[in-house]
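A short write-up of the structure that comes next.
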Amino acid sequence: MKTLIINCGSSSLKYKLINMVDEKDIVSGLVERIGLDGAKLVQKNEIGEKHIIEKEIKNHKDAVELVLNTLTDIKVGVIKSMDEIIAVGHRVVHGGEKYSSSIIIDEEVIEYLNECSKLAPLHNPANITGIKACQSLMPNTKMVAVFDTAFHGTLPEKAYIYAIDYNLYKNHKIRKYGFHGTSHKYVAHKVSEAMGKDIKDLKIISCHLGNGASISAIKGGECIDTTMGFTPLAGVPMGTRSGNIDPSIIPFLVENCGYSIEEVSEALNKKSGVLGISGVSSDFRDIENAALKGDKRAQLALDIFHYRIRAEIGSFIVNMGGVDVILFTAGVGENSPETREECLKGLEFLGLKLDKEKNKVRGKLSEISKEDSIVKAYVVPTNEELMIAKETLALVK
Ligand code: ADP
1 MKTLIINCGS SSLKYKLINM VDEKDIVSGL VERIGLDGAK LVQKNEIGEK
51 HIIEKEIKNH KDAVELVLNT LTDIKVGVIK SMDEIIAVGH RVVHGGEKYS
101 SSIIIDEEVI EYLNECSKLA PLHNPANITG IKACQSLMPN TKMVAVFDTA
151 FHGTLPEKAY IYAIDYNLYK NHKIRKYGFH GTSHKYVAHK VSEAMGKDIK
201 DLKIISCHLG NGASISAIKG GECIDTTMGF TPLAGVPMGT RSGNIDPSII
251 PFLVENCGYS IEEVSEALNK KSGVLGISGV SSDFRDIENA ALKGDKRAQL
301 ALDIFHYRIR AEIGSFIVNM GGVDVILFTA GVGENSPETR EECLKGLEFL
351 GLKLDKEKNK VRGKLSEISK EDSIVKAYVV PTNEELMIAK ETLALVK
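Numbering of the sequence shown is given in the UniProt record's numbering, commencing with residue 1 and proceeding in unit increments.
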């Protein structure tokens with residue numbers, strides 16, 4: 001009962017082999033610099049021992065071949081043959097409007113994913129390359145696509161239609177899609193389990209705060225709104241991404257500041273967010289340290305980050321007609337007590353009482369609200385690969 005999870009980027013390939021009996025990782029690995037100088041594979045086993053292979057890796061097919069050879073290697077391998085892998089789950093960023101759940105990959109699916117490439121030009125082509133490489137090397141193994149957008153397939157029209165010419169939606173599919181769906185789904189189910197409640201009876205706000213950040217409102221197990229939009233650039237400010245801004249800033253930058261469209265895109269995706277405001281770093285640890293030492297712009301970056309998250313939480317509470325639990329996940333959400341405390345400020349009037357002692361936790365599933373808190377708060381470590389593996393297994397069984 002072993003499932004291989006593949007997450008393919010343009011020049012990288014992350015993988016994990018998971019034992020579905022105990023849901024534990026057997027190995028995880030990263031192939032970097034595919035098609036470039038200095039390519040290598042780094043595989044870590046369950047006790048953290050690293051095995052590194054440095055060699056030319058021309059393309060994704062070579063990368064998948066190297067992964068399979070390493071997994072079955074006599075010395076460092078963890079399986080005797082590829083037949084032990086019952087299915088491969090592929091992380092695919094964009095499933096468009098058609099796929100609101102995971103799906104077994106066939107020719108028709110690949111064709112539609114190609115169509116979706118214009119919606120996610122940085123991600124979908126790489127994901128498809130990874131799928132094709134696996135198909136050619138494992139022709140008898142079932143492949144499943146698990147989409148970052150799928151969990152948001154339940155958004156109502158009023159949440160996903162932008163207030164622009166409706167024909168732009170009809171003709172070009174310009175709408176809110178939402179991302180981080182696999183993570184939001186996983187942590188929402190985990191928190192329900194931890195609370196001993198049926199997810200159908202809960203109103204959950206899930207704050208996935210990492211380099212990329214998004215917040216989702218999940219009512220009765222269905223996502224009813226999320227902060228990311230047509231692309232992962234929308235919503236709250238992030239490490240290097242601006243989040244929502246007045247759209248008129250874009251033509252202003254082109255007409256008055258000498259930016260080309262590519263430069264605008266680069267500025268908003270790579271040079272904005274807490275990096276842009278602070279000028280210090282996109283890493284929240286560096287910004288928190290700088291702020292502690294008195295750096296005013298680092299403090300301002302954090303203040304804006306927290307303020308905008310609180311604003312989204314507030315709006316979701318109103319649109320869900322209440323909230324039972326607010327949870328934090330991903331790098332910052334799981335590890336920064338300061339961020340959690342600041343993001344929950346102002347919610348005391350709803351009966352949310354943060355337990356400052358419990359809130360010191362890092363990276364562990366735990367309640368951080370007081371016992372008599374009416375609205376609960378939790379830290380829930382995410383595990384997107386395990387979610388992909390579970391969805392894969394459920395489909396191929
Ligand atoms: P992504 O998967 O989006 O690349 P992660 O979920 O791994 O991102 O989160 C990365 C972020 O988590 C980084 O900005 C990092 O600074 C932040 N982070 C990790 N540990 C801590 C910590 N102890 N305190 C604050 N931020 C942290």
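Every residue, glycine too, gets a C-beta built ideally from N, C-alpha and C.
How about S206 and S216: are their beta carbons less than 9 Å apart?
Their beta carbons are under 9 Å apart, which means S206 touches S216 by this criterion.
I think K61 touches S136, with their Cβ atoms under 8 Å apart; what is that distance to the nearest whole Å?
K61 to S136, Cβ: 6 Å. Contact.
Which one of H184, D225, C8, R33 has the shortest CA to CA distance from V318?
Ranking H184, D225, C8, R33 by Cα distance to V318 puts D225 first.
Please state whether DSSP places V31 in a helix, a strand or coil.
Three-state DSSP puts V31 in a strand.
In whole angstroms, what is the alpha-carbon distance linking V396 and K142?
Going by the C-alpha atoms only, they are around 7 Å apart.
What residues in its chain sit with their C-beta under 6 Å from that of M228, if we drop five residues either side in the sequence?
Only G178, F179, S214, A234, G235 meet the Cβ criterion.
Using the beta-carbon of each residue, find all residues closer than 6 Å to any heavy atom of ligand 1 and list them in chain order.
This selection yields G210, N211, G212, G239, D283, F284, R285, E288, A330, G331, V332, N335, S336.
One question on the structure: do M1 and I79 come within less than 9 Å of each other, judged by their Cβ atoms?
No, the Cβ-Cβ distance between M1 and I79 is not below 9 Å.
Which whole-angstrom value is the C-beta distance of S28 and E391, which I expect to be below 8 Å?
Incorrect: roughly 18 Å between the Cβ atoms, too far for contact.
DSSP beta-bridge partners for T3?
Looking at the DSSP assignment, T3 forms a beta bridge with I18, A87.
List in chain order: all unbroken alpha helix (DSSP H) runs of 4+ residues lying wholly within the segment 118 to 194.
With a minimum length of 4 residues, the continuous alpha helix (DSSP H) runs that stay inside the segment 118 to 194 are 124 to 137, 157 to 160, 166 to 172.
Kindly list the residues whose CB is nearer than 6 Å to the CB of S373, restricted to its own chain and excluding five residues on each side of it in sequence; keep chain order.
Only L352, K353 meet the Cβ criterion.
Could you tell me which whole beta strand (DSSP E) segments of length 3 or greater appear in the segment 195 to 243?
If we require 3 residues or more, the beta strand (DSSP E) runs fully inside the segment 195 to 243 come out as 203 to 209, 213 to 219, 222 to 226.
Determine the DSSP secondary structure at I368, reduced to helix, strand or coil.
If DSSP states are grouped into helix, strand and coil, I368 belongs with coil.
Looking at the unbroken alpha helix (DSSP H) that takes in A39, where does it start and where does it end?
Note, A39: premise wrong, no alpha helix (DSSP H); not H, not E.
Is L352 helix, strand or coil when you go by DSSP?
Reduced to three states, the DSSP call for L352 is coil.
Whether or not the segment 106 to 122 and the segment 47 to 63 are in contact is what I'm after, with contact meaning three or more pairs of Cβ atoms, one per stretch, closer than 8 Å; do they touch?
These segments do not touch.
Report the three-state DSSP secondary structure of E286 (helix, strand or coil).
Contrary to the premise, residue 286 reads as Asp rather than Glu in this sequence. In the structure shown, D286 sits in a helix (DSSP, three-state: H, G or I).
Should S242 and L268 be called a contact, given that it needs their Cβ atoms to be closer than 9 Å?
Taking 9 Å as the Cβ cut-off, S242 and L268 qualify as a contacting pair.
Nearest-angstrom Cα distance between L282 and E288?
The question names Leu, but residue 282 in the sequence shown is Ser. So the two alpha carbons sit approximately 11 Å from each other.
G60 lies in the alpha helix (DSSP H); which residues open and close that run?
Residue identity differs from the one stated: residue 60 is His in this sequence, not Gly. Looking at the DSSP string, the run of the alpha helix (DSSP H) that includes H60 is 60 to 71.
Specify, as a first and last residue, the run of the alpha helix (DSSP H) that E23 falls within.
Note, E23: premise wrong, no alpha helix (DSSP H); not H, not E.
So is K16 buried or exposed if we call it buried at 16+ other beta carbons inside 10 Å?
Buried.
Just to check my reading of the structure: G130 and A150 have Cβ atoms closer than 8 Å, yes? What is that Cβ distance to the nearest angstrom?
Rounded, the Cβ-Cβ distance is 18 Å, inconsistent with contact.
Measure the alpha-carbon distance for E32 versus L13 and round it to whole angstroms.
Cα-Cα distance, rounded: 7 Å.
Could you tell me the boundaries of the beta strand (DSSP E) in which V379 lies?
Start and end: 376 to 379.
Tell me, please, whether the segment 300 to 319 touches the segment 336 to 347 by the rule of three or more beta-carbon pairs shorter than 8 Å.
Taking 8 Å as the limit for Cβ pairs, the verdict is that the segment 336 to 347 does touch the segment 300 to 319.
Give the range of the beta strand (DSSP E) segment to which V325 is assigned.
Note, V325: beta strand (DSSP E), 325 to 329.
Looking at C-alpha atoms only, which residue of I52, I245, Q299, P337 is the closest neighbour of V280?
It is Q299 whose Cα lies nearest to the Cα of V280.
Look at the Cβ atom of Y186, then the Cβ atom of E23, and state whether they are nearer than 9 Å.
No, these two residues do not count as a Cβ contact at 9 Å.
Buried or exposed: which applies to G333, given that a residue is buried once 16 or more other Cβ atoms fall within 10 Å of its Cβ?
Result: buried.
Using only the alpha-carbon positions, how far apart do V361 and L386 sit?
Spanning the two alpha carbons is a distance of roughly 22 Å.
I need the straight-line Cα distance from D201 to K118, nearest angstrom please.
Rounded to whole angstroms, D201 to K118 spans 38 Å at the Cα level.
Give a yes or no on whether the C-beta atoms belonging to I304 and K376 are separated by under 9 Å.
Contact flag unset, no.
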